[in-house]
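Engineer:
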Amino acid sequence: MLRIRLIEEGIAAHYAEQQMRCPVHLCIGQEAVAAGVCDLLGRDDQALSTHRAHGHYLAKGGDLPAMLAEMHGKATGCASGMGGSMHLIDLAAGFLGAAPIVGSTIPIAVGVAFGAMLRGERRVVVAFFGEGATEEGAFHEALDFAALKKLPVLFVCENNLYSVYSPLSVRQSPARRVYRLAEARGIVSRRGDGNDAAEVHSLAGEALGVIRSGGGPALLEFDTYRWREHCGPNYDNNIGYRGEDEFLRWRALCPVERLRVRALADGAFDAEDEQRWTAEIQAEFAAALRFAKESDFPAPETMLASVYAERQSDEPTARHCKPRAA
Amino acid sequence: MLRIRLIEEGIAAHYAEQQMRCPVHLCIGQEAVAAGVCDLLGRDDQALSTHRAHGHYLAKGGDLPAMLAEMHGKATGCASGMGGSMHLIDLAAGFLGAAPIVGSTIPIAVGVAFGAMLRGERRVVVAFFGEGATEEGAFHEALDFAALKKLPVLFVCENNLYSVYSPLSVRQSPARRVYRLAEARGIVSRRGDGNDAAEVHSLAGEALGVIRSGGGPALLEFDTYRWREHCGPNYDNNIGYRGEDEFLRWRALCPVERLRVRALADGAFDAEDEQRWTAEIQAEFAAALRFAKESDFPAPETMLASVYAERQSDEPTARHCKPRAA
Amino acid sequence: MQRELKYFQAIHEATELCMAADPSVYVIGLGVTDPKGVFGTTLGLEQKFGERRVMDMPCAENGMTGVVLGSALAGMRPIMVHQRIDFALLAMEQIVNQAAKWHYMFGGRKSAPLVIRLLVGRGWGQGPQHSQSLHAWFAHVPGLRVVLPSTPQDAKGLLISSIEDDNPVIFIEHRWLHNISGPVPEGMYRAPLGQARVLRRGNDITIVALSHMALEAHRAAQTLAEEGIDAEVIDPRTIRPLDEDTILESVGRTGRLIVADTSWRHGGFAGEVVARVAEELGGQLKCRPRRIALPECPTPTSPALAAHFYPTAADIASAACEMVQGRKLRLAPASAGHLDVPDPSFAGPF
Amino acid sequence: MQRELKYFQAIHEATELCMAADPSVYVIGLGVTDPKGVFGTTLGLEQKFGERRVMDMPCAENGMTGVVLGSALAGMRPIMVHQRIDFALLAMEQIVNQAAKWHYMFGGRKSAPLVIRLLVGRGWGQGPQHSQSLHAWFAHVPGLRVVLPSTPQDAKGLLISSIEDDNPVIFIEHRWLHNISGPVPEGMYRAPLGQARVLRRGNDITIVALSHMALEAHRAAQTLAEEGIDAEVIDPRTIRPLDEDTILESVGRTGRLIVADTSWRHGGFAGEVVARVAEELGGQLKCRPRRIALPECPTPTSPALAAHFYPTAADIASAACEMVQGRKLRLAPASAGHLDVPDPSFAGPF
Ligand SMILES: Cc1ncc(C[n+]2csc(CCOP(=O)(O)OP(=O)(O)O)c2C)c(N)n1
Ligand SMILES: Cc1ncc(C[n+]2csc(CCOP(=O)(O)OP(=O)(O)O)c2C)c(N)n1
Ligand SMILES: [Mg+2]
Ligand SMILES: [Mg+2]
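Protein chains in written order, with this note's numbering: chain C, -3 to 322; chain P, -3 to 322; chain G, 32 to 381; chain Z, 32 to 381.
(1) Let me know if TYR57 (chain G) comes out buried or exposed under the rule of 16 or more other beta-carbons within 10 Å of its beta-carbon.
(2) In angstroms, rounded to a whole number, what distance separates the CA positions of LEU189 (chain Z) and PRO223 (chain Z)?
(3) Can you list, in chain order, the residues of its chain with a C-beta nearer than 8 Å to that of ARG167 (chain P)? Leave out the 5 residues immediately preceding and following it.
(4) For a contact meaning CB atoms closer than 8 Å, what does PHE141 (chain C) contact in chain G?
(5) In chain order, what are the residue ranges of uninterrupted alpha helix (DSSP H) at least 4 long that sit wholly in the stretch 327 to 363 of chain Z?
(6) Any beta carbon of chain C sitting closer than 8 Å to that of TYR57 (chain G)?
(7) What number of angstroms, rounded off, separates the C-alpha of MET299 (chain C) from the C-alpha of VAL305 (chain G)?
(8) Cβ closer than 8 Å: which chain Z residues qualify as neighbours of LEU300 (chain C)?
(9) Would you call TYR231 (chain P) buried or exposed, if buried means 16 or more other Cβ atoms sit within 10 Å of its Cβ?
(10) For ALA138 (chain C), count neighbouring C-beta atoms within 10 Å of its own C-beta (all shown protein chains included) and say buried if the count is 16 or more, exposed if not.
(11) ALA95 (chain C) and MET82 (chain C): beta carbons closer than 8 Å?
(12) Write down the C-beta distance between THR385 (chain G) and GLY213 (chain G) rounded to the nearest angstrom, noting that I regard them as a contact closer than 8 Å.
(13) Is any beta-carbon of chain Z found at less than 8 Å from that of TYR304 (chain P)?
(14) Hey, quick one: how far does the alpha helix (DSSP H) through THR101 (chain C) stretch, first residue to last?
(15) Taking the alpha helix (DSSP H) that MET95 (chain G) falls in, what are its first and last residues?
(16) By the three-class DSSP mapping on this structure, what secondary structure does VAL239 (chain Z) have?
(17) At 3 residues or longer, and completely inside the stretch 209 to 282 of chain Z: list those beta strand (DSSP E) runs for me, N to C.
(18) Would you check whether ligand 3 has a heavy atom nearer than 7 Å to the C-beta of GLU132 (chain C)?
(19) Going by DSSP in three states, VAL308 (chain G) sits in which element: helix, strand or coil?
(20) Excluding five sequence neighbours on each side, which residues of the same chain lie with their C-beta closer than 8 Å to the C-beta of ASP140 (chain C)?
(21) Just the chain G side, please: which residues come within less than 8 Å of TRP295 (chain Z) by C-beta, in chain order?
(22) At the 8 Å Cβ level, is LEU370 (chain G) part of the contact set with chain Z, yes or no?
(23) What are the residues in the stretch 280 to 293 of chain C lying within 7 Å of chain Z by C-beta distance?
(24) Can you pull the chain Z residues whose beta carbon is under 7 Å from the beta carbon of MET123 (chain G), in chain order?
(25) Kindly indicate which residue of P:LEU216, P:LEU244, P:ALA279 has the alpha-carbon position closest to the one of ILE3 (chain P).
(26) Would you say the beta carbon of LEU177 (chain C) comes nearer than 7 Å to a heavy atom of ligand 1?
(27) For chain G, find out if any of its Cβ atoms is closer than 8 Å to the Cβ of TYR161 (chain P); answer yes or no.
(28) List the endpoints of the continuous beta strand (DSSP E) containing TRP155 (chain G).
(29) Could you tell me the distance, in whole angstroms, from the CA atom of GLU124 (chain G) to the CA atom of GLU257 (chain Z)?
(30) So with Cβ pairs under 8 Å, would you call PRO170 (chain C) a contact of chain G?
(31) Suppose the cutoff is 6 Å on Cβ atoms and the five residues either side in sequence are ignored; what does the same chain contact list for VAL18 (chain G) look like?
(32) Start and end of the alpha helix (DSSP H) containing MET28 (chain Z)?
(33) Taking 8 Å as the cut-off, decide whether the C-beta atoms of GLY313 (chain G) and GLU303 (chain Z) are in contact.
(34) In three-state DSSP terms, what is ASP117 (chain Z)?
(35) Just the Cα atoms here: how many angstroms apart are ILE191 (chain G) and ALA105 (chain C)?
(36) So, is the C-beta of ARG258 (chain C) closer than 8 Å to a C-beta in chain Z?
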């Protein structure tokens, strides 16, 4: 969690250099959800996310240098520079992809779980998304299908009160709660404090228990808050869509700080550990940033190279070549 | 209700002549919903529907000869022959339109209510649809917006267990209930027996009470059953997707018969009234059918005539002609 | 003598063969398991392969396209079926933003092998919302392949190639082709994606015709032959990729071009073909190219208007005759019978 | 001297004037009331007209398009805004099946006056899902009007005409046009839907250029003038309806045609223009027509590739020079600076 925080802050610090020439949607303030959920996932489990994917990617074990290189548009990026910050992927880590059309990766995540089920593979697939995404029909269609087929999907909604600059009040009726929409399909659903890593962890543990024991999908709605602007490195509490006071209230609930205080009190780690980790993460970030900056841009001829997938084998259709009849 | 039944039977009887050269989706078995709801609507109230619209159109006061002419592809049809059975409209009766893309008229109905609200007009708009339509994202998006703006919309779902030949079991999880999906948005919702006209009437009355007193939208889910094939005039219990026994169970719950028995017992009408009405309706149908058959087909040049609406006035932009600045 | 199958049977056979050969192939769509089996194309497949490989779905075209894409990412090879292109308009986001771009936008790390079968409705009052032929849209999108076979043999060979392809393939079937018959080889064979088929050789004029219009063009060519005009008929079979070479070679030889499309003229795919020829063969044409396509209105439902809406072999033949011989063609009056049915076996409405 | 406004201000002014003139006009869309006001185009409108006439909405593009259509049927004249065309892919069903056909499919009983403003993204890693330019799709659909102004004056005049029109109008704004300046008359005025604008008269070659490419074409024409080539630049302004006459008159005179489009070449609208010219002017061209359009891949995000992806004035000028003088054009090296920003005021990312 601290790692996500420090990396996001590192990105924010360097963004103004205009070397990361793509939109960035930082998750500072929301780290506990990514960290708390992914901590309970195995390598075989998989996740998909949205425009605000850095935390999920990192928590799921995504490669940091490849992420920064991607944001720099480099050939060494996790998507070879084709995608940028909004299109992260790390197959080895089970992070199957993030894409910025609101709501659209939710049914895709359900489909990944469905495909796995059809193939007889046992894994949980996590769909991370914001509360704005629950306004899209795609979310509802995805919930319905997951419930119908009892798929091993964990739906994780980070309700940060805003969709870009739009508050909940202009988008959802006051009576509406995301977790109740899932309940109406018979999906196990809970709402929790997304700024409390321990609570996230325990609710996710319960939900994964249900899913892994064949109980079908589950949904978790976490209340949380984005600290910085919707897109970009700055604070924007001054531009008018939300107040400084609201921000300060939420900052006081800093998920990183709360975990830290508790851990220090519990003796889970001490100030020295903390310093060491901070230094380690900062060094890791610095090295990754250097890697990103030093990497080459993709060569012009790569632009047209990966529009279509080509079959690997020389004999393009070998795999299916046994005709049934003579 | 008897009128809808007899008219639908009339259509079924004549369909094999192949003069109605368009798909027809009969509502025989489901008449109580249309009749019970529309009985409580005023002329200013409006309704929209789906591919299975005959009953709603007629119950809302739609013109019968124009409907039959439309099904015959005639220029005198309610949509001038452009639409056919799946595109009924009668503006004078407040029947704003029906269209066969599943789910799509639901948000349009919400929009009609929204437009009326913006214009300061007081009216209820009813959206009729099947349970299949509740699987479309459009339904959920429409519910959300109606709840957000507290719009005077009555959502009426006729749950007839099937979408074409597909039973609920392959489409919705057993725990899912349409009316609970509305509740999760804080929308007043009830489920009732759609084959009991009195129950439909009383639930619709309650719901309209809530809506008319500014309580926002309401949803009613009615269990019912389509007797004939999904599309066309025949019975199809023999083709394999549902059993004769299921059909017979539902036929025993015939909404027309149940109302009749009760009314006869109550003395609301007697056998003589009934005979007279039947004769009247049959005469009305026969006259309308004659009108439809005798009407002219649209002239070829009409084909391209109504692609675009043209402003009525000679001065195409007169209405807006006052420039603010010199 | 070669075995004959109907087009719908060819689709069925291709599906069955691919399912037998590869356990990752599965079929999903509204009604694929029902007693009609999508005009017979999926009939009996559930019985043969089981409900985990052939399945109905909720009425949720957009979300289910996402699901199908996700399953492809997980290693399956889905075949999704929509009974009308019009319904698939709900799924354009998933098809065009996601499926078409998945391989590219992640730098080629993951392919999305999936086939979406889209049917074009026609006749018996299908009307404005059940009859659109929007192949031109898909053809415009890099990352998709767009296939529209016109013969049973190609329906089978191209469907097999589509299922085996590692990319999202839009496979378009015109409803009025389902019941045509033609020779269909047994067993597995592939028609290449990106290679046109010359349906008839000729030297006076080239008629490039898509989907059902290939049939009309073939009929027109027969009429033209009687008038001493030797027409070449080309079915591009795929319009992304488009086999430009075959078309250019032909027009280079005949010097004349008609393009017949099942959709509207304005902004339609016929324009692409005309443009390619103009760009490559510019001054070499003997006369101006022509397009035969739908008039610029939604499909009217009344059967009285359908006759004026859909162009036929006669329209193609007249245009060709004017272009080659500079004269109006005198055609025998069209055979009696309704113009809103494909063949006498059709009893409406779908 | 005429007043100058930026394109985004022209959009704003048109909206404001129409809202003041007609109480049934209202604005709805994600972010229309937020502090950015859709790149300034809706800024302050809520304050002026109130929250019942300018409003945000849920993130539900498909359903909300249905809502907007319904409100039009109830007598309102909505202006719906999507910050990217890519998001509107969710709404194709409502736009194309319902709104475009409503008037027709009910026999002309009810019109659906609505404007959908769609923005085309570009630059700063907008990437594959935030930069598509799918005007060709809409142009293919009878019942829609499709408008894509390239100057501030036309942005205002065409938006007013679009709002006053009784049909669904797709109004496309390229993000890189928002900050260009130009003369804009005060008060209400209308630019006709269906009439091209000749941006520059010339006699050697006709360049038909859409949306942002009109700007590039205009720059190209300046370069060409220095080379002794007199180019005519035509901005069709609307592509449904298309002002064929202006284009044909011009090409008839110059004998040469380039069409420059902001979208992909294959199946794009540029092909329609080339096809029309080929059909009408066939043998009269002095050389083969050319299209300048996007290469056949999704938009790559890396700025290193953007330079190769988007064609520029230089590409147009070189093509024209080859066509008119048969020689390669020697261009001064492109001005320094990044190729992923429209002008120096742009600081990314949107
Ligand atoms: C379909 C679609 N509509 C609109 C947008 C523009 N957009 C980008 S991010 C975003 C906010 C979504 O809010 P939420 O899902 O709550 O995520 P958050 O940004 O709060 O993490 C919006 C509306 C988009 N990318 N896709
Ligand atoms: C978007 C879309 N998908 C599929 C269809 C095909 N279709 C026509 S009617 C129908 C059944 C819908 O079921 P339901 O809403 O329950 O209505 P019912 O026919 O039972 O009255 C379907 C799937 C369609 N018209 N539109
Ligand atoms: Mg949010
Ligand atoms: Mg039903």
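Just so you know, even glycine gets a beta-carbon here, dropped at the ideal spot from N, CA and C.
Model, not experiment: these values are computed from the prediction.
Structural biologist: Inspection of the coordinates gives the following:
(1) Within a 10 Å sphere around the beta-carbon of TYR57 (chain G) sit 16 or more other beta-carbons, which makes this residue buried.
(2) If I take the Cα positions, the gap works out to 7 Å.
(3) Correct list, in chain order: GLY128, GLU131, SER159.
(4) Near PHE141 (chain C) (Cβ distances below 8 Å), the residues of chain G are MET88, PRO89, ALA91, GLY94, MET95, VAL98.
(5) Counting only runs of 4 or more, we get 334 to 340, 344 to 356.
(6) It does; some Cβ of chain C falls within 8 Å.
(7) Our two residues, MET299 (chain C) and VAL305 (chain G), have alpha carbons roughly 28 Å apart in a direct line.
(8) Neighbours of LEU300 (chain C) on chain Z, chain order: PRO326, GLU327, CYS328.
(9) Exposed, because fewer than 16 other Cβ atoms sit within 10 Å of the Cβ of TYR231 (chain P).
(10) Per the 10 Å Cβ criterion, buried.
(11) Yes, Cβ-Cβ distance for ALA95 (chain C) and MET82 (chain C) is below 8 Å.
(12) In this structure chain G extends from 32 to 381, so residue 385 (chain G) is not present and cannot be described.
(13) True, the Cβ-Cβ gap to chain Z drops below 8 Å.
(14) DSSP places THR101 (chain C) in the uninterrupted alpha helix (DSSP H) bounded by 101 to 114.
(15) Where MET95 (chain G) is concerned, the enclosing alpha helix (DSSP H) starts and stops at 92 to 104.
(16) Strand at VAL239 (chain Z).
(17) Secondary structure within the stretch 209 to 282 of chain Z: the beta strand (DSSP E) runs of 3 or more consecutive residues, fully enclosed, are 212 to 214, 228 to 231, 236 to 240, 262 to 266, 269 to 271 (chain order).
(18) Judged by the Cβ position, GLU132 (chain C) fails to qualify as a neighbour of ligand 3 at the 7 Å threshold, every heavy atom of the ligand being at least this far.
(19) In the structure shown, VAL308 (chain G) sits in a helix (DSSP, three-state: H, G or I).
(20) Residues ARG181 of the same chain have their beta carbon placed closer than 8 Å to that of ASP140 (chain C), with the five preceding and five following residues left out of the count.
(21) Against chain G, a Cβ distance below 8 Å from TRP295 (chain Z) picks out HIS171, VAL172, PRO173.
(22) Closer than 8 Å: no.
(23) Cβ contacts with chain Z come from PHE293.
(24) Chain-order list of chain Z residues neighbouring MET123 (chain G): LEU120, MET123, by C-beta distance under 7 Å.
(25) The shortest C-alpha separation from ILE3 (chain P) is found at P:ALA279.
(26) Checking every heavy atom of ligand 1 against the Cβ of LEU177 (chain C), none is found closer than 7 Å.
(27) With its beta carbon less than 8 Å from one in chain G, TYR161 (chain P) belongs to the interface.
(28) That residue, TRP155 (chain G), is in no beta strand (DSSP E); it is neither H nor E in DSSP.
(29) Using only the alpha carbons, I get a separation of about 45 Å.
(30) Not one chain G Cβ lies under 8 Å of PRO170 (chain C).
(31) No answer is possible for residue 18 (chain G): it lies beyond the span of chain G, which begins at 32 and ends at 381.
(32) The question about residue 28 (chain Z) has no answer, for chain Z in this structure spans 32 to 381.
(33) GLU303 (chain Z) is positioned such that its CB atom lies no closer than 8 Å to that of GLY313 (chain G).
(34) Assigned with DSSP and collapsed to three states, ASP117 (chain Z) falls in helix.
(35) Roughly 27 Å separates the two Cα atoms.
(36) Not one chain Z Cβ lies under 8 Å of ARG258 (chain C).
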